[in-house]
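Chemist: What follows is a structure written as structure tokens; I'll ask about it next.
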Amino acid sequence: MDDLMKDRMDQLLDHIMKKCLWQFHSRSWDRKVQNEGVLSKATQLLCGEPVDTSTPLAKCHWVDALCLVNDYKRRFAWVSQLKPDEIKEIMQALHERLDHLTITGSLNLELNDQHY
Amino acid sequence: MPYHEFKCSTCIPERKNHAVIKGPGEDLTMALPAGYLSTIPGTISERGCAYCGAKHVIGSPMKDVIHLSHGPVGCTYDTWQTKRYISDNDNFQLKYTFASDMKEKHVVFGAEKLLKSNIIEAFKAFPNIKRMTIYQTCASALIGDDLNAIAQEVMDEMPEVDIFVCNSPGFAGPSQSGGHHKINIAWINQKVGTIEPKITGDYVINYVGEYNIQGDQEVMCDFFKRMGIQVLSTFTGNGSYDDLRAMHKAQLNVLECARSAEYICNELRVRYGIPRLDIDGFGFEPLANSLRKVGLFFGIEDRAEAIIAEETARWKPELDWYKERLKGKKVCLWPGGSKLWHWAHVIHDEMGLDVVSVYTKFGHQGDMEKGISRCEEGALAIDDPNELEGLEAMEMLKPDIILTGKRPGEVAKKIRVPYLNAHAYHNGPWKGWEGWVRFARDIYNAIYSPIHKLTLLDIAADEIATDTTFETQVMLSDAALSEETRNAADLRQFTGQFDGLKSLRGKTYPEFEAKTAGAA
Amino acid sequence: MLCELKERERAGIINPIFTCQPCGAQFASIGIKDCIGIVHGGQGCVMFVRLLISQHLKESFEIASSSVHESGAVFGACGRVEEAVDVLLMRYPDVKVVPIISTCLTEVIGDDIEGVARKLNEGLLAEKYPGREVHLIPIHTPSFVGSMISGYDIAVRDFVKYFAKKTEPNGKLNLITGWVNPGDVTALKHLLREMDIDATVLFEIESFDSPVMPDGNHVSHGSTTIEDLTGTANAQATLALNRYEGGKAAEYLATEFDIPTLVGPTPIGIRNTDAFLKNLKTLTGKPIPQSLVRERGQALDALTDLTHMFFADKRVAIYGAPDLAISLAEFCLDLEMKPKLLLLGDDNSGYQHDPRIKALQQNVGHEMEIVTNADFWELEDRIKNKGLELDLILGHSKGRFISIDYNIPMVRVGFPTYDRAGLHRHPVVGYAGATWLAEQMANTLFADMEHKHNKEWILNVW
């Protein structure tokens, strides 16, 4: 990924970390589901692909994804210029980075607690 | 992101794991304060106990309930009349508290009989109240009284009453957070699903983790009702016991304070398949996004947008008036558990304040992850702060205001730092658009208080100005503003009422056409 | 007899008048200079008491917790005290006095706080803090015995017992005030000064009313010193104002050091202040000066304007600390009022032998009830369901909703009074206190007459 894309990815990430709450559920498994659910749907929305909202959980992910995408488009003009493969690339990197920050690299000792 | 060592705490090196300064370019994987660990004895920590977390914080806001603590009288007295969680039934839960009055003989011989007499008496004293919560305390836990058995016995004898038992003695965990957890789980295990509600609309939510501080819940429910949403229950502010027994029938859990109430949301998701949507009721943009999301979930986002447009138009000129005057002011955001992340980013974005420190008394590391992510670089994050560290931090950071509890507020006063009550609010409610302006107004009035300015003058050493006979907040705040900002025609100060709730109670709401036949 | 003494008959408490013993011990501890107490129990026992005190005084005080969590409750928590003492001493270099205050939790599990103090004295203090003056004072205040009142009484006694040491007579008077406000201490010291009496005041809490200064941190501390406490054994006499708050310490000094001692009366009202001055005179031989005759005259002048015109036959309910509540009732009777109900919030068996209560039982000429071990329901139930009619309530802020909901004017007095501004600055004792109290009552009644349009025109001429 080039510097420009990386810089853009950082902007998208920063927005999530500052404005959203869905990535901060209290356990690793839960965060994995959330990150995957919201970001995959956000990617689909950005690419104009159909999104599954058939279950309550999928619907919640879609809601958070849609708000995220709308914010992205409003805040970052370049988002609307990206081609689908660029979107997929940047969102993939974003997903990896977010998983790192909130799950795999997280210092939160409660993440793998079996109880609440 | 280096860990921060307080000078006053070098002698207790483990404290170093509890404070972090957010450095440039650093992220959460480099440092994170420890959280929810055993308190170090003798530090003069600000933490409370698991009993108060269960009874005082989560249990007691339930409005139509006799709240009875089984133990000596002190726990009950101490957790009575120190909060501002009001209700629309004339504040029954604020006014009345019950203690079984355990004495030495009961400690020796058991207090179950005493408890039973208490329950019967309390229902007799308040014949219109048919619901009760019994809270265990340190003493009743240690002597091993079986609260559940006594409650069941009474329910068998008095079929019209229902009793909930919460076993969360003061020692059950490092802080009040242990009690939040215990009462959440006890409620879903004992009470959810034991009553079937009347569903009156197409869109049904539980509003969870909202305690109606100065009317927050009523403000938020106003928005939901304007959207045609049925708020089946609120956990627990202004909440009704029987409504909360029916939580299993909602389509969505809207979660506000994830610190105190995510447990019950998670269980509702596992047991009943009800999804959880985390929201922020504080701040224009987070609140707008929150309503928007709930609207999207139900396919009624147009109703949300109408409210957002109306409220923003009404209140934005007032918020911006304050923002112009609060820009760059430094804040120590020192609440209990969740407000550090509810507020950290949005008081920066929407009021122009710089959060120089966040702390949490009873939060977990998850709260710190959210809080640190949301505050700006350079902020000092402290877990389980204590008296000396708080003073050292204020001396180091020189905040213009701190948002914290009543007693730490008195400490701040002595070093000439204005304070607002982060738990109970000064002049709330602070949720909703109007509430957010109220909050900005309260911050503004604290920072630009002429009396505060006088505290900074040393009459023995400084020049005393005799040409100023008084000052106003506006004289102080506007001195440094440009002519244009000062006179901006599109900005104005707060114009709401002292008690905005009066117009909400008894309000009628528009009828929306039912989505499907027979939904009502 | 028209005045009955009875005990609450119900098993439970609906809205408590008092909190538990550890609170009283904590309030006593903050009166001592260089003292930070450690409450051995759960954290709530400290956090809420600190909040309560700060609500009342609008100040913050330092009190520590041993933070007993689950494992301590199961396996014993003496180790938590050891750690707490060390942490406290390391971080607060001025601290010399450390009461270790027990709670229900640590009394039930049977933690040996004397043993911990011994162990620390021989180990930690000797090894890590040699040369530093540190006093560890175990104080047993199980929450299931007595109340905040007895907790205060026990703690004062334990502090005195620990420190008092007979050396040379110091010619001073021990004045044990009981649980009062900074304003009361100021008023009492004024009376002592007028009488030319040198006294050790337990406790010196005028400094609780601390300032905001242009620099530095001036957070409140008490200012009774170790020397003050040590010297109590060498006093020429002891005067304890309150039987139930400080009486135990007075009794200890009397028996242990043979010090002439008088207990009571609480100098609330003219008559009780007269008796207080007489007691001072008896114990020290000092005459009552003309200045106090004049001060008394000013108070009587003020009261005369109020009594038969406004106070006569007004029906009053009084609750709170026993010495305070009883003396307020006595004062009200002198003001021609009718105390109808007196609520004492604990089960102290001494009440039935209290001569002041006996005197009420024998001499009150209207129907009156004195309820011990009482809660607020004893008051509210009588108003709501049993036809009790009142013109005024006297008591602390926790009873505020009875006043609000039943439209009965109320004068805040006692502890805590967080819902009114600055009451801790004003005395209720002495002649000045009598005037202040009477005028507070009058003005409260006046405001109520106006709000209710109840002969408010009377005040057109007065």
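Residue numbers (my numbering), protein chains in the order written: chain Z, 5 to 120; chain R, 30 to 549; chain A, 6 to 467.
All residues carry an ideal CB built from backbone N, CA and C; glycine is no exception.
#1: Under 8 Å between the Cβ atoms of residue 347 of chain R and residue 522 of chain R?
#2: Does the structure place the stretch 229-236 of chain R close enough to the stretch 257-275 of chain R that three or more beta carbon pairs sit under 8 Å?
#3: Within 10 Å of its beta-carbon, does residue 28 of chain Z have 16 or more other beta-carbons around it, so buried, or fewer, so exposed?
#4: For a cutoff of 8 Å on Cβ pairs, would you count residue 104 of chain Z as touching chain R?
#5: Residues of the stretch 294-310 of chain A in Cβ contact with chain R at a cutoff of 7 Å, in chain order, please.
#6: Going straight from the alpha carbon of residue 1 of chain A to that of residue 401 of chain A, what length do you get?
#7: Could you have a look at residue 73 of chain R and say whether DSSP puts it in helix, strand or coil?
#8: Looking at the strands, I want to know which residues DSSP matches up with residue 9 of chain A.
#9: Does the CB of residue 116 of chain R have a neighbour CB from chain Z at under 8 Å?
#10: Is the Cβ of residue 80 of chain Z closer than 8 Å to any Cβ of chain R?
#11: Got a sec, what are the start and stop residues for the alpha helix (DSSP H) residue 210 of chain A sits in?
#12: Taking residue 348 of chain A and residue 384 of chain A to be in contact with their CB atoms under 8 Å, please state how far apart those CB atoms are, rounded to whole angstroms.
#13: Going by DSSP in three states, residue 20 of chain A sits in which element: helix, strand or coil?
#14: Out of R:398, R:498 and R:447, which has the shortest C-alpha to C-alpha gap to residue 475 of chain R?
#15: Which chain R residues are close to residue 28 of chain A, counting only those with a beta carbon under 9 Å from its beta carbon?
#16: The beta strand (DSSP E) that contains residue 266 of chain A, what's its start and end?
#17: Residue 73 of chain Z to residue 42 of chain Z, Cα distance in whole Å?
#18: Looking only at its own chain, which residues have a Cβ that is under 7 Å from the Cβ of residue 419 of chain R, when we skip the five neighbours before and after it?
#19: Closer than 7 Å between beta carbons: that is the criterion. Which residues of the stretch 399-410 of chain A meet it against chain R?
#20: Compare the C-beta of residue 135 of chain A with all C-beta atoms of chain R and state if any pair is closer than 8 Å.
#21: Using 8 Å as the threshold, is the stretch 82-101 of chain A in touch with the stretch 124-142 of chain A, meaning 3 or more CB pairs across them?
#22: What does residue 394 of chain R touch in chain Z if you count any residue whose Cβ is under 8 Å from its own?
#23: Cβ closer than 7 Å: which chain A residues qualify as neighbours of residue 40 of chain R?
#24: I'd like to know if the stretch 175-189 of chain A and the stretch 421-435 of chain A are in contact, where contact means that at least 3 CB-CB pairs between them fall below 8 Å.
#25: For residue 21 of chain A, is the classification buried or exposed, using 16 other Cβ atoms within 10 angstroms of its Cβ as the cut-off for buried?
#26: Considering only C-alpha positions, which residue in the set A:355, A:312, A:155 and A:6 is nearest to residue 336 of chain A?
#27: For residue 312 of chain A, go through chain R and note every residue whose CB falls closer than 7 Å to its CB, in chain order.
#28: Excluding sequence positions up to five away, which residues of its chain have a Cβ less than 7 Å from the Cβ of residue 38 of chain Z?
#29: Going by the DSSP bridge assignment, what does residue 332 of chain R pair with across the sheet?
#30: Alpha carbon to alpha carbon, how far is residue 549 of chain R from residue 542 of chain R?
#31: In chain Z, what lies closer than 9 Å to residue 326 of chain R by C-beta?
#32: Counting along the chain, where does the alpha helix (DSSP H) carrying residue 65 of chain Z start and finish?
#33: I'd like the list of long-range same chain contacts for residue 442 of chain R, defined as Cβ closer than 8 Å, with 5 residues on each side in sequence excluded.
#34: Residue 48 of chain R versus chain A: which residues are under 9 Å apart at the beta carbon?
#35: Figure out for me which residue from A:318, A:35 and A:68 has the closest Cα to the Cα of residue 477 of chain A.
#36: Taking the beta carbon of residue 495 of chain R as the centre, do at least 16 other beta carbons fall within 10 Å, making it buried, or is it exposed?
Modeler: With the given structure in hand:
#1: yes
#2: yes
#3: buried
#4: yes
#5: none
#6: Since the first residue of chain A shown is 6 and the last is 467, residue 1 of chain A is not available in this structure.
#7: coil
#8: A:374
#9: no
#10: no
#11: Neither: residue 210 of chain A is in no alpha helix (DSSP H) and is coded neither H nor E.
#12: 6 Å
#13: coil
#14: R:447
#15: 103, 106 and 107
#16: 266-268
#17: 10 Å
#18: 437 and 440
#19: 403 and 406
#20: no
#21: yes
#22: 111, 112, 113 and 114
#23: 95 and 96
#24: yes
#25: buried
#26: A:312
#27: The premise fails here: residue 312 of chain A is roughly 34 Å from chain R at the closest Cβ pair, so nothing lies under 7 Å.
#28: 26, 27 and 29
#29: In DSSP, residue 332 of chain R forms no bridge with anything.
#30: Confidence at residue 549 of chain R is low in this model, with a pLDDT of 41, below 50, so its placement is unreliable and the value that follows should be read with caution. Going by the C-alpha atoms only, they are around 10 Å apart.
#31: 60, 63, 64, 66 and 67
#32: 60-79
#33: 448
#34: The premise fails here: residue 48 of chain R is roughly 15 Å from chain A at the closest Cβ pair, so nothing lies under 9 Å.
#35: Residue 477 of chain A lies beyond the range of chain A shown here (6 to 467); nothing can be said about it.
#36: exposed
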